[in-house]
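Take a look at the structure below.
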Amino acid sequence: MKLPLRAKPATDAAAPPIAPPPRRRRRKEWMTRPERSTTTAIKFIVWVALRLGRRAARLLLYPICFYFVLFSRKPRRASALFLSKALGRTPGFGDLFRHYHVFAACLLDRVFFLNDQSDDFDVRVHGEDIVIDLMQRGEGCLLLGAHMGSFEAIRMLGHRQRDLRVSLVMYEENARKINSVLNAINPLLSMEVIGLGRPDSMLRVRERLDQGHFVGMLADRTLDGEEEVRLPFLGQPAGFALGPFQLAAMLKRPVVLMVGIYRGGRRYDVHFERIADFSDVPVQDRPGLVRWAAGRFADRLEHHALSSPYNWFNFYDFWK
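If you're matching positions, the sequence shown starts at 7 in this note's numbering and goes up one per residue.
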């Protein structure tokens with residue numbers, strides 16, 4: 007199934023208006039902010055999780071989150087800004103703590119997903135037919151996520167769809183400590199990571215797509231110097247990258263949104279949604295569809311941010 011080029015399906019809300027031409031922006035805050043955790047602290051929490059279990063490890067989250075709410079000034083301010091837009095009111099201390107706690111809970115659960123303990127969770131998949139259809143086509147697709155909920159929850163789908171192969175494209179520098187510890191939990195289950203900014207990055211993406219992989223990207227952040235377009239998001243224009251959609255157009259691939267929303271306890275809801283399909287788009291129509299697809303991505307991300315605001319994990323001013 008291919009989405010139309012210039013208009014949304016009749017069942018969807020109206021597409022966001024075409025934005026002004028893309029522009030380049032200054033150094034990104036999320037790229038310059040150092041990791042606050044130490045490797046020793048991360049290893050200790052992972053040890054507790056794997057040795058003593060999830061319940062014991064979750065007890066550690068309360069003092070940790072309390073500390074960060076009190077002493078991480080810039081992230082706390084960003085949390086308050088986002089929650090005020092998403093909740094439609096001024097957030098209180100309880101809202102801020104819950105925001106941090108949901109983030110920490112999802113981060114902790116990565117330990118168990120990476121250790122192949124997905125069966126301990128209640129993961130409900132919505133839109134699984136989209137994944138099955140693309141797997142049967144064998145053409146690969148760009149799987150766009152966001153810093154929202156858990157991307158690792160896709161591993162549960164991998165238990166049911168054994169032929170599902172996922173490679174990740176990511177900027178590795180700003181989470182090197184935690185990724186090094188988590189990826190060491192079970193190297194046999196680690197997804198292949200294609201680092202952004204390397205000379206062979208795009209070549210490796212093309213190769214994996216040709217092999218039928220789902221190539222995952224977190225598309226809610228832009229890199230320095232990357233083209234972006236300003237689109238409405240929670241009542242104010244925010245910058246969204248055009249790169250993932252330009253790549254899909256160049257390689258003639260479908261684009262699918264994936265978000266894994268944490269519902270509390272052991273439950274996650276994983277949503278797959280079609281964004282656009284560039285498989286048979288004429289060259290002259292690609293720029294228009296690229297912008298339309300970026301707008302649809304922003305629109306659907308806004309929908310999930312409003313319905314599950316505490317799952318939003320961009321702890322910086324998203325609108326700058």
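The beta carbon of each residue, even a glycine, is placed where N, CA and C say it ideally should be. Computed from a predicted structure; not experimentally measured.
State the start and end residues of the unbroken beta strand (DSSP E) segment that holds residue i.
i	result
valine 276	273-283
glutamate 198	198-201
methionine 176	172-176
Residues bridged to residue i by DSSP?
i	result
proline 260	Asp283
glycine 245	Arg236
leucine 148	Val221, Val261
arginine 212	According to DSSP, which records beta bridges pairwise, arginine 212 is partnered with nothing at all.
isoleucine 48	Per DSSP, none; premise fails for isoleucine 48.
glycine 231	Answer is none; glycine 231 lacks a bridge partner.
isoleucine 267	Asp275
tryptophan 53	Paired residues: none, contrary to the question.
glycine 155	Gly266
tryptophan 318	Met154
valine 131	Val276
Can you name the start and end residues of the alpha helix (DSSP H) that residue i belongs to?
i	result
leucine 114	99-120
leucine 76	60-77
glutamate 134	134-143
valine 296	292-313
With distances taken between CB atoms, is the gap from residue i to residue j smaller than 9 angstroms?
i	j	result
valine 262	arginine 280	yes
serine 173	valine 131	no
alanine 247	alanine 300	yes
leucine 257	leucine 229	no
tyrosine 73	alanine 159	no
cysteine 112	tyrosine 268	yes
leucine 148	alanine 311	no
alanine 92	glycine 151	no
valine 117	alanine 47	no
valine 199	arginine 297	no
glutamate 134	arginine 166	yes
glutamine 142	arginine 171	no
phenylalanine 284	proline 260	yes
phenylalanine 319	histidine 107	no
phenylalanine 109	phenylalanine 324	no
leucine 114	leucine 67	yes
valine 129	valine 276	yes
serine 314	glycine 155	yes
leucine 205	methionine 223	Note on identity: in this sequence residue 205 is proline, with leucine being the wrong assignment. Contact: no.
leucine 215	glycine 271	no
alanine 282	arginine 302	yes
aspartate 126	arginine 60	yes
valine 137	valine 175	no
Does at least one heavy atom of the ligand ZN sit under 8 angstroms from the Cβ of residue i?
i	result
leucine 163	Because no ligand of any kind appears in the structure shown, any question about the ligand ZN cannot be addressed here.
query: Counting Cβ pairs closer than 8 angstroms, one from the segment 108-122 and one from the segment 45-59, do we hit at least three?
result: Yes, they touch.
message: I'd like to know if the segment 101-111 and the segment 75-88 are in contact, where contact means that at least 3 CB-CB pairs between them fall below 8 angstroms.
response: Because the criterion of three Cβ pairs below 8 angstroms is met, the segment 101-111 and the segment 75-88 touch.
- request: Check whether the segment 225-242 touches the segment 87-94, taking contact to mean three or more Cβ pairs, one atom from each stretch, closer than 8 angstroms.
  value: Taking a cut-off of 8 angstroms for Cβ pairs, the segment 225-242 and the segment 87-94 touch, as three or more such pairs fall below it.
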